[in-house]
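Here is the structure we will look at, set down as structure tokens.
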Amino acid sequence: MKIAVAKGDGIGPEIMEAVLRIFKANNVPLQYEMVEMGKWVFDKGFNNGMTPEAKQTIEQLGLLFKGPMETPKGKGVKSINVTARKTWNTYANKRVFKSLHGVDTVFSKAGIPINITIVRENIEDTYGGIEHMLTQDVALCRRFITRPGSMQVMRYAFEMASKKNAKRISCGHKANIMKITDGLFLECFYEVAKEYPHLKADDIIVDDLCMKLVTRPDLFDVVVLPNLQGDIVSDLCAGLVGGLGFAPSANIGDHISIFEAVHGTAPDIAGKNLANPTALLLSGLAMLRHVGLFDNAATIENALRYTLESGVHTGDFGNKAIPAVNTTEFADAIIGNFGKIPQEGAVAFASNASTYSPAAAITVHPMLESGQQKSEAIVGADLFIQCNQQPSALAALLEAQTKDLFKLVTISNRGTQVWPTGSVYTNLVNQYRARFESSNEKALQQADIIALYERVSKHVKVCSVELLNQWGDQKAYSLAQGQ
Ligand code: NAI
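In structure tokens form, the structure reads like this:
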């Protein structure tokens, strides 16, 4: 079986070399096709951070084992990691956080074992990176949560939880505030939950989840979250088990899956042979299990756990009274411990059952549609308008221009209603949202909204327009705070 391997940037090549050496020493029956991917490839002029040959190889083999890749902050190249996850539709990001004996944490000292699996939606949310400046003062990020995308991740999470006999599956969200986006994510969670009545399924608001994870982490088993919240909560969980050096990650898709550590390129220690390869090794072990190489995975994980138990550590963790080893020595110690069984957390052996084969190639984009059948009507529009006048002045201007066509219902600023009622204590920025509805209850056409836009744009700058839709008798938009 062949997999694609990208060493990555920073500490990537060092830790990848260590992990592949451990695999080779354990006769893992895999062949590795090295592909060119990373910031260094972007610097050579490849905009998506990979060569066309690398893309072709990964799509053909269906499995990518990768080191971390650098993303400059604030400006410049988009994250190669996020691009890869999104391009290949690895919709579920599974991150397993388990206590490791020998890695001291507050919880290990208190005798509280941790075994939490985070499933993070991996494609949507603010990670679409669809951002615009609407005025020179106002930035907007569009947040997409879709029904088919949420269903994909929920189906994966429930199936995985069921197979591992999870005691509980929880959905973390902020649907109390983002009623439509997080509300849809939560709705999909409970829809799929109906198919798994033997699993205890519940939901928890993400801030409460964070508090409970640091006070009673043992209460949780599988937790599924939207992308950004999942990103933050999984780093929190990494902290519970000893830090980023122990956090593996599997990006699961129907055709292509990507295995990588949660941590980044660690530029502060790159090239010094100091990095801890454990997170990448654990990600590699998840990959071995994904392809059915259970026996190899068990031997290596037991050797890793034995090594940690015996006090061997890299500089980022462990007993400071025992000198740290470097990356190469850490890998050597694991290889030397093949066949040893740790006192705690030993992994049971299972025979290899490597039945994996890449999914059949496809020639067109899969179209994901949930087939909702409710009737659709346009009942109004929100116009986002650049303006630095008082709300009443803007309202007078808008009403004068539009009242024969539309009813001006509300004006809000940063989501808070400031007209027809509101408080002068609400600070304003130079961008308003004006909500218009049909003045005669008649269904509207897109052309009506264009006419509205045309009229208003003669007097003020319209930065953006959003239709107000209605599905059946249900409003498909949120109300302004205070409306
Ligand atoms: P980082 O994870 O690279 O480093 C944070 C801290 O943890 C540093 O002090 C680092 O030395 C330490 N650390 C991380 N991994 C370690 C390891 N294996 N052994 C020992 N110490 C380790 O996060 P940072 O500095 O925010 O990001 C650096 C770069 O990595 C950025 O360009 C970022 O975009 C990228 N990145 C890439 C990821 C990926 O490829 N999946 C994920 C996260 C960040």
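As numbered in my numbering, residues 3 to 485 make up the sequence shown, in order.
The beta-carbon is built from N, C-alpha and C at its ideal position, and this holds for glycine as well.
> Cβ of L446 within 8 Å of Cβ of G382?
Replying inline: Taking the sequence shown and counting its residues from 1, the one referred to as residue 446 is at position 444. Taking the sequence shown and counting its residues from 1, the one referred to as residue 382 is at position 380. For L446 and G382, yes; Cβs fall inside 8 Å.
> Does the beta-carbon of F44 have 16 or more other beta-carbons within 10 angstroms, so that it is buried, or is it exposed?
Replying inline: For this step, residue 44 is matched to residue 42 along the sequence shown. Counting Cβ neighbours within 10 Å, F44 comes out buried, since at least 16 surround it.
>> Tell me which residue opens and which closes the alpha helix (DSSP H) that S377 is part of.
In response: Counting from 1 along the sequence shown, the entry for residue 377 is found at position 375. Per DSSP, S377 belongs to no alpha helix (DSSP H) and is neither H nor E.
>> Taking only three categories from DSSP, how would you classify C389?
In response: Against the sequence shown, residue 389 aligns to sequence position 387. Three-state DSSP puts C389 in coil, outside helix and strand.
> Is there at least one non-hydrogen atom of ligand 1 closer than 7 Å to the beta-carbon of S425?
Replying inline: In the sequence shown, the residue the question calls residue 425 occupies position 423. No, ligand 1 has no heavy atom inside 7 Å of this Cβ.
>> Between L201 and A168, how many whole angstroms is the CB-CB distance? I'm expecting something under 8 Å.
In response: Within the sequence shown, numbered from 1, the residue matching residue 201 stands at position 199. Within the sequence shown, numbered from 1, the residue matching residue 168 stands at position 166. 6 Å between Cβ atoms; contact.
>> I need the straight-line Cα distance from A299 to L22, nearest angstrom please.
In response: Position 297 of the sequence shown, counted from the start, is the residue given in the question as residue 299. Position 20 of the sequence shown, counted from the start, is the residue given in the question as residue 22. The straight-line gap from Cα to Cα measures roughly 13 Å.
> Can you name, in chain order, every residue of its own chain whose Cβ lies under 6 Å from the Cβ of Q154, other than the five neighbours on each side?
Replying inline: Against the sequence shown, residue 154 aligns to sequence position 152. Within the same chain, Q154 has close Cβ partners Y93.
>> Helix, strand or coil, according to DSSP, for H175 in the structure here?
In response: Taking the first residue of the sequence shown as 1, we reach residue 175 at position 173. Residue state, collapsed to three classes: strand.
> Can I147 and T183 be called in contact, C-beta distance under 8 Å?
Replying inline: Position 145 of the sequence shown, counting from 1, holds the residue named residue 147. Position 181 of the sequence shown, counting from 1, holds the residue named residue 183. The beta carbons of I147 and T183 sit closer together than 8 Å.
> In chain order, which continuous runs of the beta strand (DSSP E) of length 3 or greater are located wholly inside the stretch 219 to 287?
Replying inline: For the stretch 219 to 287, whole beta strand (DSSP E) runs of length 3 or above, ordered along the chain, are 224 to 227, 250 to 254 and 259 to 263.
>> Is G266 near ligand 1 - that is, is its Cβ less than 7 Å away from at least one heavy atom of it?
In response: Translated into the one-based positions of the sequence shown, residue 266 becomes position 264. With a threshold of 7 Å, the Cβ atom of G266 counts as near ligand 1, since some heavy atom of the ligand is closer than that.
> Across which residues does DSSP place R122 in a beta bridge pair?
Replying inline: Against the sequence shown, residue 122 aligns to sequence position 120. Checking the DSSP bridge columns, you'll see R122 partnered with N95 and L227.
>> For a test of your reading of the model: does the CB of I17 fall under 7 Å from any non-hydrogen atom of ligand 1? Yes or no.
In response: Here residue 17 is taken as the residue at index 15 of the sequence shown, counted from 1. Yes, the Cβ of I17 comes within 7 Å of a heavy atom of ligand 1.
>> Between which residues of its own chain and P344 is the CB-CB distance below 7 Å, once the five residues before and five after are set aside?
In response: For this step, residue 344 is matched to residue 342 along the sequence shown. The beta carbon of P344 is closer than 7 Å to those of H103, N304, R307, Y308 and E311 in its chain, skipping five residues each way along the sequence.
> For T73 versus A6, is the C-beta spacing smaller than 8 Å?
Replying inline: Residue mapping note: residue 73 aligns to position 71 of the sequence shown, counting from 1. Residue mapping note: residue 6 aligns to position 4 of the sequence shown, counting from 1. In this structure, T73 sits away from A6, with a CB-CB distance that is not shorter than 8 Å.
> Cβ of E72 within 7 Å of any heavy atom in ligand 1?
Replying inline: Indexing the sequence shown from 1 puts residue 72 at position 70. In this structure, E72 has its beta carbon less than 7 Å from a heavy atom of ligand 1.
>> Please state the DSSP three-state secondary structure of K100.
In response: The residue given as residue 100 occupies position 98 in the sequence shown. Strand, per DSSP.
> At which residues does the alpha helix (DSSP H) containing V411 begin and terminate?
Replying inline: Here residue 411 refers to the residue found at position 409 of the sequence shown. Note, V411: premise wrong, no alpha helix (DSSP H); beta strand (DSSP E) at F408 to N415.
> Can you pull the DSSP bridge partners for E35?
Replying inline: One-based indexing of the sequence shown puts residue 35 at position 33. A6.
>> To the nearest angstrom, how far is the alpha carbon of L66 from that of L407?
In response: Your numbering for residue 66 matches position 64 in the sequence shown. Your numbering for residue 407 matches position 405 in the sequence shown. Near 56 Å, if we compare the C-alpha coordinates of L407 and L66.
> To the nearest whole angstrom, what separates the beta carbons of Q472 and A379, a pair I think is in contact under 8 Å?
Replying inline: Along the sequence shown, one-based indexing puts residue 472 at 470. Along the sequence shown, one-based indexing puts residue 379 at 377. With a contact defined as Cβ atoms closer than 8 Å, Q472 and A379 qualify at about 5 Å.
> Whole-angstrom Cβ separation of P250 and I116, contact assumed at under 8 Å?
Replying inline: Here the question's residue 250 lines up with position 248 in the sequence shown. Here the question's residue 116 lines up with position 114 in the sequence shown. That pair is no contact at about 14 Å.
> Does the beta carbon of N229 fall short of 7 Å from some heavy atom of ligand 1?
Replying inline: Counting from 1 along the sequence shown, the entry for residue 229 is found at position 227. Ligand 1 never approaches N229 closely enough for any of its heavy atoms to be under 7 Å from the residue's Cβ.
> What's the C-alpha gap between D139 and S425?
Replying inline: On the sequence shown, position 137 is the one that residue 139 refers to. On the sequence shown, position 423 is the one that residue 425 refers to. Roughly 22 Å separates the two Cα atoms.
> Say the cut is 7 Å; is the CB of Q24 nearer than that to a heavy atom of ligand 1?
Replying inline: Position 22 of the sequence shown, counted from the first residue, corresponds to residue 24. Checking the displayed sequence, the identity of residue 24 turns out to be Ile instead of Gln. No; taking the cut-off as 7 Å, the Cβ of I24 has no heavy atom of ligand 1 nearer than that.
> Skipping 5 residues on each side, what residues in its chain have a beta carbon closer than 8 Å to that of A482?
Replying inline: Along the sequence shown, one-based indexing puts residue 482 at 480. Result list for A482: T412, S414, G417, T418, Q419, R435 and R437, in chain order.
> Under the criterion of a Cβ to heavy atom distance below 7 Å, does N510 qualify as lining ligand 1?
Replying inline: Because residue 510 is not part of the residues shown, which for the chain are 3 to 485, the question remains open.
> With distances taken from CA atoms, which of G151, K444, M36 and N432 is nearest K68?
Replying inline: In the sequence shown, the residue the question calls residue 68 occupies position 66. Nearest Cα to K68 within the set G151, K444, M36 and N432: M36.
> If we count the other Cβ atoms within 10 Å of its Cβ and call it buried at 16 or more, is F351 buried or exposed?
Replying inline: One-based indexing of the sequence shown puts residue 351 at position 349. F351 comes out exposed.
> What runs of the beta strand (DSSP E), each 3 residues or longer, lie entirely inside the stretch 286 to 349?
Replying inline: Within the stretch 286 to 349, no complete beta strand (DSSP E) run reaches 3 residues.
> Tell me, which residues are paired with N354 by DSSP?
Replying inline: Within the sequence shown, residue 354 is the residue found at index 352, counting from 1. Answer is none; N354 lacks a bridge partner.
>> By alpha-carbon positions, which one of V467, I260 and H461 ends up nearest to L282?
In response: The count along the sequence shown starts at 1 and reaches residue 282 at position 280. From the listed residues V467, I260 and H461, the smallest Cα separation to L282 is found for I260.
> Thinking C-alpha only, which one of H461, I132, Y158 and D450 is nearest I254?
Replying inline: As a first step, residue 254 is located in the sequence shown; it is residue number 252 there, counting from the start. Each of H461, I132, Y158 and D450 was checked against the Cα of I254, and the nearest Cα belongs to Y158.
>> Give me, in chain order, the residues of the same chain whose beta-carbon lies closer than 8 Å to that of P70; leave out the 5 immediate sequence neighbours on both sides.
In response: In the sequence shown, residue 70 corresponds to position 68, counting from 1. The answer, listed in chain order, is G10, D11, G12, I13, G14, N83, E262, A263, H265, G266, T267 and A268.
>> If distances are taken between C-alpha atoms only, which option among D127, S152, S466 and K376 comes closest to G474?
In response: Within the sequence shown, the letter at position 472 stands for residue 474. Closest by alpha carbon: K376.
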